[in-house]
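Peer 1:
Protein chains: 2
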Amino acid sequence: MNDQFRSPAADTLHAARLDRLAEIAVRVGLGLKAGQEVVITAPIEALPLVRRITEHAYKAGSSLVTTLFSDEESTLLRFQHAKDDTFDNATGWLYDGMAAAYKSGAARLAIVGDDPSLLAKQDTDKVSRANRARSKAYRPALDLIVGFDINWTIVSAATPAWAKAVFPEVSEAVAVAKLWDAIFAASRADLDDPIGAWNTHNANLHARTKLLNAKSYATLHFRGPGTDLRVGLADDHEWNGGSSRAKNGVVCNANIPTEEVFTTPHKDRVDGFVRSTKPLSYQGTLIQDIEVKFENGRIVESRARTGEAVLNKVLETDEGSRRLGEVALVPNSSPISQSGLLFLNTLFDENASSHIALGQAYSKCIRNGGSMSEQELAAKGANTSLIHIDWMIGSSEVDVDGVTAEGEAEPLMRRGEWVTQ
Amino acid sequence: MNDQFRSPAADTLHAARLDRLAEIAVRVGLGLKAGQEVVITAPIEALPLVRRITEHAYKAGSSLVTTLFSDEESTLLRFQHAKDDTFDNATGWLYDGMAAAYKSGAARLAIVGDDPSLLAKQDTDKVSRANRARSKAYRPALDLIVGFDINWTIVSAATPAWAKAVFPEVSEAVAVAKLWDAIFAASRADLDDPIGAWNTHNANLHARTKLLNAKSYATLHFRGPGTDLRVGLADDHEWNGGSSRAKNGVVCNANIPTEEVFTTPHKDRVDGFVRSTKPLSYQGTLIQDIEVKFENGRIVESRARTGEAVLNKVLETDEGSRRLGEVALVPNSSPISQSGLLFLNTLFDENASSHIALGQAYSKCIRNGGSMSEQELAAKGANTSLIHIDWMIGSSEVDVDGVTAEGEAEPLMRRGEWVTQ
Chain A
12 MNDQFRSPAA DTLHAARLDR LAEIAVRVGL GLKAGQEVVI TAPIEALPLV
62 RRITEHAYKA GSSLVTTLFS DEESTLLRFQ HAKDDTFDNA TGWLYDGMAA
112 AYKSGAARLA IVGDDPSLLA KQDTDKVSRA NRARSKAYRP ALDLIVGFDI
162 NWTIVSAATP AWAKAVFPEV SEAVAVAKLW DAIFAASRAD LDDPIGAWNT
212 HNANLHARTK LLNAKSYATL HFRGPGTDLR VGLADDHEWN GGSSRAKNGV
262 VCNANIPTEE VFTTPHKDRV DGFVRSTKPL SYQGTLIQDI EVKFENGRIV
312 ESRARTGEAV LNKVLETDEG SRRLGEVALV PNSSPISQSG LLFLNTLFDE
362 NASSHIALGQ AYSKCIRNGG SMSEQELAAK GANTSLIHID WMIGSSEVDV
412 DGVTAEGEAE PLMRRGEWVT Q
Chain B
12 MNDQFRSPAA DTLHAARLDR LAEIAVRVGL GLKAGQEVVI TAPIEALPLV
62 RRITEHAYKA GSSLVTTLFS DEESTLLRFQ HAKDDTFDNA TGWLYDGMAA
112 AYKSGAARLA IVGDDPSLLA KQDTDKVSRA NRARSKAYRP ALDLIVGFDI
162 NWTIVSAATP AWAKAVFPEV SEAVAVAKLW DAIFAASRAD LDDPIGAWNT
212 HNANLHARTK LLNAKSYATL HFRGPGTDLR VGLADDHEWN GGSSRAKNGV
262 VCNANIPTEE VFTTPHKDRV DGFVRSTKPL SYQGTLIQDI EVKFENGRIV
312 ESRARTGEAV LNKVLETDEG SRRLGEVALV PNSSPISQSG LLFLNTLFDE
362 NASSHIALGQ AYSKCIRNGG SMSEQELAAK GANTSLIHID WMIGSSEVDV
412 DGVTAEGEAE PLMRRGEWVT Q
């Protein structure tokens with residue numbers, strides 16, 4: 012195989028799919044409303060996708076599209092050359108600006124393609140301090156996102172560093188092409204009628220959440236190798252999945268791709284132990300084989316084969332960082348899981364596997380949660396934190412039961428698959 | 012000549028000079044203070060220079076370096092695809108964020124490399140509305156820049172579109188290489204001791220401003236083909252040139268390169284007619300052969316061979332856009348002028364020629380102006396506007412006299428050169 016150049020036919024196909032992914036991002040992901048401003052965040056390598064999205068957004072009537080590009084090399088230069096006393100700084104002025112844009116009606120479109128190991132060799136203390144400062148400064152904008160005040164979406168782009176991490180055995184050019192193909196397939200951008208396919212997919216996910224909401228289980232019970240975990244669900248929890256309506260009235264798909272149904276655990280009612288089933292790529296650090304023990308909702312023991320220091324620093328972020336803010340169910344037969352790829356990227360790996368998230372809960376996963384105060388949400392069991400970090404605990408070896416308020420266990424998943432289709 | 016690849020030796024030389032330009036930008040341009048945040052704006056094609064500057068800034072002790080990249084193709088997509096009723100929008104939230112950064116101590120570093128004809132084929136009305144909305148939204152940040160509340164600098168990068176406009180007869184790769192060489196030469200990045208060379212250059216410019224300040228002329232009189240213009244100077248005007256101290260105490264060179272000495276005209280005391288001597292590239296429109304007539308400081312007639320519609324829209328921006336905010340003297344023997352190149356970029360072309368600027372005056376060109384109110388500055392004759400647009404009126408055919416308060420004319424420049432060296 013020629014490493015350096017695709018054939019003209021392959022180039023044409025790639026361009027068509029890239030354009031289709033952009034259309035999905037604008038129409039399915041954001042559900043963009045005419046007259047709405049769009050704020051895009053993107054790695055600089057995603058420029059061709061940014062341009063396709065920009066065009067589709069303007070064609071859909073966007074009032075203004077602005078992209079904030081990030082450059083991982085510049086981030087690395089900071090850790091290599093900045094003075095030690097500077098790592099508690101963050102660009103609060105920029106995050107405040109983004110929050111102001113959202114408040115005045117802008118939609119948020121994030122393109123991700125992080126190098127999973129960017130900061131692997133950098134000083135853990137500096138990395139943790141920088142992450143913490145960033146989380147704190149980003150909070151006002153994040154609140155509007157996790158609270159679904161606005162329509163938003165995350166899509167991905169195959170950057171060279173990410174592609175080489177997923178496909179280390181081939182050249183960079185081949186790896187990028189392979190990763191793009193995997194992204195197109197997972198995002199349904201390889202289909203002739205991607206918008207129709209997304210409508211069907213959303214309907215399926217809505218049917219699943221309807222079933223689970225009717226059951227209103229008190230607890231989910233996960234069992235598998237290294238895992239025996241009871242995740243109590245928040246009072247008045249609601250299951251979500253697929254498209255949903257933000258508070259600004261716009262229906263959006265917050266993740267492209269998405270295969271999960273998810274809800275809010277009770278912050279004080281998680282007990283037992285759990286082992287991660289896929290590596291977690293967190294801010295440039297790869298955290299593998301996490302094992303933690305919960306008591307009354309709180310992580311009381313934690314270890315990891317790699318990245319343990321970063322994991323433990325993350326858990327120290329605040330009171331809520333040791334508790335769960337999300338639990339999600341994904342069948343092992345999901346297309347992303349069946350691709351057999353480890354994407355080293357949460358957007359994909361969380362959609363290949365059931366998972367839990369440390370930190371902040373989504374208010375929309377509590378009935379009427381969108382109009383509740385933080386105190387009211389906490390009373391229902393919803394967790395609060397500067398962080399929200401998903402990690403994967405499902406596999407073909409994991410069973411899940413739904414346990415009713417009366418203590419009756421009903422099989423939900425067996426060997427990673429839904430018992431009821 | 013091989014169009015596509017430079018030799019390895021040329022690559023090494025280019026990399027060394029790029030790094031030297033970055034060092035000049037940080038040490039001479041910003042005069043960066045340890046602990047200071049840096050906000051960079053840059054075209055996406057300037058990424059290699061951004062990375063070099065980022066490293067030098069961190070090495071100099073910067074607390075955080077953030078780059079806001081712009082993409083001209085995305086700008087063009089707006090004019091091609093956005094709905095007509097959206098062109099009065101601007102990213103106020105982003106400019107407000109930048110202003111907040113400057114207020115909290117950040118330095119500002121702009122990298123420019125605009126395509127001079129980006130918007131040449133776009134609808135003039137849309138372009139003007141977008142420019143006006145941008146100028147208005149940018150005002151809070153611009154005030155801190157033109158008022159020298161902070162240290163700032165502008166440097167340039169050879170982008171493909173700009174390079175092809177300057178060197179249309181060669182391939183893009185050759186054009187980019189030639190433009191980089193011209194930038195390195197004009198910015199003194201091709202010298203072995205660029206910092207020392209800048210110190211000498213700044214001393215020369217300071218000596219010239221000292222002479223002119225001692226003279227304290229009432230009026231400058233420009234004469235040449237199509238030009239007979241009397242530019243009254245503001246009361247208590249001060250000449251500036253080369254490095255200067257911002258209000259935050261940091262000594263910076265606001266333009267790299269810079270060859271000009273400049274001061275504030277009196278907004279009501281400009282009379283006569285003037286013809287531009289070089290094309291003006293303004294927000295993607297090339298405005299050529301401008302001819303205007305002034306009465307009592309105000310432009311009462313205006314025409315241009317190309318871009319006249321954009322020029323006239325600019326003049327309608329506000330009351331101050333028809334009046335002058337700056338007058339600058341540059342000898343025709345300046346290195347940039349002697350390169351014989353038309354850069355189609357104000358940063359270079361204004362340093363090849365004496366020039367005037369429509370719009371906003373610099374308060375630092377009035378004695379103690381930095382601590383005066385807008386009313387006090389206006390009483391001295393300083394102009395106010397949303398715009399500040401330099402255009403070139405000097406050449407080897409233009410003479411300049413300094414006229415004293417008593418009406419006595421003294422020759423300042425003859426055939427474009429200083430009479431007193």
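First to last, the protein sequences are chains A and B. Per this note's numbering, residue 12 is the first one in the first sequence, and the count goes up by one each step. Per this note's numbering, residue 12 is the first one in the second sequence, and the count goes up by one each step. No residue lacks a Cβ here, since even glycine has one placed at the ideal position from N, Cα and C.
Can you list the residues of chain A that B/Val61 reaches, using a CB-CB cut of under 8 Å?
Peer 2: Result: Asp82, Ser85.
Peer 1: Along the chain, where does the beta strand (DSSP E) containing B/Ala53 start, and where does it finish?
Peer 2: 48-54 is the extent of the beta strand (DSSP E) around B/Ala53.
Peer 1: Within 10 angstroms of the Cβ of A/Asp99, are there 16 or more other Cβ atoms? Answer buried if so, exposed if not.
Peer 2: Looking at its Cβ environment, which holds fewer than 16 other Cβ atoms inside 10 Å, A/Asp99 is exposed.
Peer 1: Given this structure, state the Cα-to-Cα distance separating A/Asp279 from B/Val157, to the nearest angstrom.
Peer 2: If you take the alpha carbons of A/Asp279 and B/Val157, they lie about 55 Å apart.
Peer 1: What residues of chain A sit near B/Val76, judged by a beta carbon separation below 9 Å?
Peer 2: Those are Ser85, Leu88, Arg89, Ala93, listed as they occur along chain A.
Peer 1: Grab the span of the beta strand (DSSP E) containing B/Arg314 for me, first residue to last.
Peer 2: First-last of the beta strand (DSSP E) with B/Arg314: 309-314.
Peer 1: Could you compute how far the alpha carbon of B/Arg316 sits from the alpha carbon of B/Leu326?
Peer 2: Straight-line Cα distance between these residues: approximately 16 Å.
Peer 1: State the start and end residues of the unbroken beta strand (DSSP E) segment that holds A/Val285.
Peer 2: Here the beta strand (DSSP E) through A/Val285 covers 276-286.
Peer 1: Since B/Ser81 is in the alpha helix (DSSP H), which residue starts that stretch and which ends it?
Peer 2: Premise fails: B/Ser81 lies in the beta strand (DSSP E), 75-81, not in any alpha helix (DSSP H).
Peer 1: Just to confirm the assignment, what range does the beta strand (DSSP E) spanning A/Arg234 have?
Peer 2: Start and end: 230-235.
Peer 1: Express the C-alpha separation of B/Gly295 and B/Ala141 in angstroms, rounding to a whole number.
Peer 2: Roughly 12 Å separates the two Cα atoms.
Peer 1: Between A/Glu66 and chain B, is any beta-carbon pair separated by less than 8 Å?
Peer 2: Yes, A/Glu66 lies at the interface with chain B (some Cβ there is under 8 Å from its Cβ).
Peer 1: Using a Cβ-Cβ cutoff of less than 6 Å, which residues in the same chain neighbour A/Thr431 once the five nearest sequence positions on both sides are dropped?
Peer 2: Here the set comprises nothing.
Peer 1: Does the beta-carbon of B/Ile206 have 16 or more other beta-carbons within 10 angstroms, so that it is buried, or is it exposed?
Peer 2: Burial call: exposed.
Peer 1: Tell me, please, whether the CB atom of A/Lys70 is closer than 8 Å to any CB atom in chain B?
Peer 2: Yes, A/Lys70 lies at the interface with chain B (some Cβ there is under 8 Å from its Cβ).
Peer 1: Anything in chain B within Cβ reach of A/Ile55, meaning under 9 Å, just list it in chain order.
Peer 2: Within chain B, the residues near A/Ile55 are Ile55, Leu58, Phe80.
Peer 1: Can you check whether the CB of B/Pro236 is closer than 8 Å to the CB of B/Arg286?
Peer 2: Yes.
Peer 1: Rounding to the nearest angstrom, what Cα-Cα distance links B/Gly103 and A/Lys114 in this structure?
Peer 2: Using only the alpha carbons, I get a separation of about 13 Å.
Peer 1: Starting from the beta carbon of B/Ser115, find every residue of chain A whose beta carbon is closer than 9 Å, and list them in chain order.
Peer 2: Correct list: Gly103, Trp104.
Peer 1: What does B/Thr97 reach in chain A if we use C-beta pairs closer than 7 Å?
Peer 2: Those within 7 Å of B/Thr97 in chain A are Ser74, Leu75.
Peer 1: According to DSSP, is B/Ile165 helix, strand or coil?
Peer 2: Three-state DSSP puts B/Ile165 in a strand.
Peer 1: With a threshold of 8 Å between beta carbons, is B/Asn343 in contact with chain A?
Peer 2: Answer no: the Cβ-Cβ gap between B/Asn343 and chain A never drops below 8 Å.
Peer 1: Can you give me the C-alpha to C-alpha distance between A/Ile267 and A/Cys376, rounded to a whole angstrom?
Peer 2: Going by the C-alpha atoms only, they are around 19 Å apart.
Peer 1: With a cut-off of 8 Å on the beta carbons, I'd call B/Val50 and B/Thr86 a contact; round off their distance for me.
Peer 2: No, B/Val50 and B/Thr86 are not in contact; Cβ-Cβ is about 20 Å, not under 8 Å.
Peer 1: Could you say which of A/Leu353, A/Asp96, A/Glu83, A/Ser146 lies nearest to A/Val123 if we only look at CA atoms?
Peer 2: Checked all of A/Leu353, A/Asp96, A/Glu83, A/Ser146; the closest Cα to A/Val123 is A/Glu83.
Peer 1: With a threshold of 8 Å between beta carbons, is B/Asn224 in contact with chain A?
Peer 2: No, no contact with chain A.
Peer 1: Using a Cβ-Cβ distance under 8 Å, would B/Asn162 count as near chain A?
Peer 2: No, B/Asn162 lies away from the interface with chain A (no Cβ there is under 8 Å from its Cβ).
Peer 1: If you compare alpha carbons, which of B/Thr164, B/Gly252, B/Ser292 is closest to B/Thr357?
Peer 2: For B/Thr357, the nearest C-alpha among the options comes from B/Ser292.
Peer 1: In chain A, which residues lie with their C-beta within 8 Å of the C-beta of B/Ala152?
Peer 2: Result: empty, since nearest Cβ-Cβ is about 11 Å, beyond 8 Å.
Peer 1: Is B/Val325 near the ligand HEM, going by C-beta to nearest heavy atom under 7 Å?
Peer 2: In the structure on display, the ligand HEM does not appear, and there are no ligands present to speak of.
Peer 1: So, are the CB atoms of B/Leu222 and B/Leu231 less than 8 Å apart?
Peer 2: Not a contact, by the Cβ cut-off of 8 Å.
Peer 1: Straight-line CA distance for B/Arg425 to B/His366?
Peer 2: Spanning the two alpha carbons is a distance of roughly 15 Å.
Peer 1: Answer with yes or no whether the minimum CB distance from A/Asn215 to chain B is below 8 Å.
Peer 2: A/Asn215 does not count as touching chain B.
Peer 1: So, is A/Val311 buried or exposed, given that buried needs 16 or more other C-beta atoms within 10 angstroms?
Peer 2: With fewer than 16 Cβ atoms within 10 Å of its Cβ, A/Val311 is classed as exposed.
Peer 1: I'd like to know whether the C-beta of B/Asp203 is nearer than 8 Å to at least one C-beta of chain A.
Peer 2: No, its Cβ sits nowhere closer than 8 Å to a Cβ of chain A.
Peer 1: Is A/Pro151 helix, strand or coil when you go by DSSP?
Peer 2: Reduced to three states, the DSSP call for A/Pro151 is helix.
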